[in-house]
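All remarks here apply to the structure that follows.
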Amino acid sequence: MRVDTAVLHRFSSRAPLVAVLVCAALALGGCASGSRARSAAPISSEAGAQTVQASKLQKFFWIFSPYRPDIQQGNFISKEMLEQLQVGQTRAQVQFILGTPLLVDIFHAERWDYPFYLARGDGELTSARVSIYFKDNKVERFEGGNLPTEREYIDRIAGPTTATAKEAPKKEEPANMIQISK
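Taken in order, the sequence shown gives residues 7 to 188; the numbers are from this note's numbering.
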């Protein structure tokens, strides 16, 4: 009987501490495993690229969240690539210009879909979709909307580049003005 009271006393004094630690671990784990899904409008081919920014509150609490890498999924199709497409091109020509389609549906064999999704670590979400429609293995029409250029995409990933290198071209000396010293 004496052993039971000694054991119960030892566990009852630590129970509140254990309960607090368990609750803190669950709360912190819940904050770190929050859903990355953003409330974005459903993506359609006509809409072009859509970008959703993180709210000010999300940016403030980003300090306390774990590191989140940038995640890119799908084929990035730029404005320049879409301008190369023409009605009447073959599937092989389209595949050469845009790459292998991410979605080829057996129920819609005459349509290729190129979805694109970029989730930045800071909460910014960009999504786009390009659809190519074929008839008799030739492009009948394509939908893509307002897509970013390649420069805009690179700036979005790596940050804006400095324009000073473009504005100040290097001044080359003519060959006849070079002096050779002995």
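Beta carbons: idealized from backbone N, C-alpha and C, even for Gly.
Being a predicted model, the structure only gives us computed values, none of them experimental.
- Of all C-beta pairs linking the segment 97-114 to the segment 152-168, fewer than three are shorter than 8 angstroms, placing the two stretches out of contact.
- Pairing Gln-92 with Val-145 gives a Cβ-Cβ distance under 9 angstroms.
- For Ile-77, the uninterrupted beta strand (DSSP E) segment begins and ends at 77-80.
- The residues Gln-79, Gly-80, Ser-133, in chain order, have a CB closer than 6 angstroms to that of Tyr-123 in the same chain once the five nearest residues on each side in sequence are set aside.
- For Pro-121, the beta-bridge partners assigned by DSSP are Arg-135.
- Under a 10 Å Cβ-count criterion, Arg-135 is classified as buried, with 16 or more other Cβ atoms of the shown protein chains found around its own Cβ.
- Scanning its chain for C-beta atoms nearer than 7 angstroms, with the 5 sequence neighbours on each side dropped, one finds around Leu-88 the residues Val-136, Gly-150, Leu-153, in chain order.
- When secondary structure is reduced to three states using DSSP, Arg-74 falls in the coil class, being assigned neither helix nor strand.
- Apart from the 5 residues on each side of it in sequence, Ile-77 sits with its Cβ closer than 6 angstroms to the Cβ of Ala-125 in its chain, given in chain order.
- A distance of 9 angstroms or more separates the beta carbons of Trp-118 and Arg-147.
- Looking at the backbone, the Cα of Leu-108 and that of Gln-99 are separated by about 16 angstroms.
- With distances taken between CA atoms, Pro-75 lies nearest to Leu-131 out of Asp-161, Ala-25, Leu-131, Tyr-139.
- No residue range can be given for Val-93, since it is assigned to no beta strand (DSSP E) and is classified by DSSP as neither H nor E.
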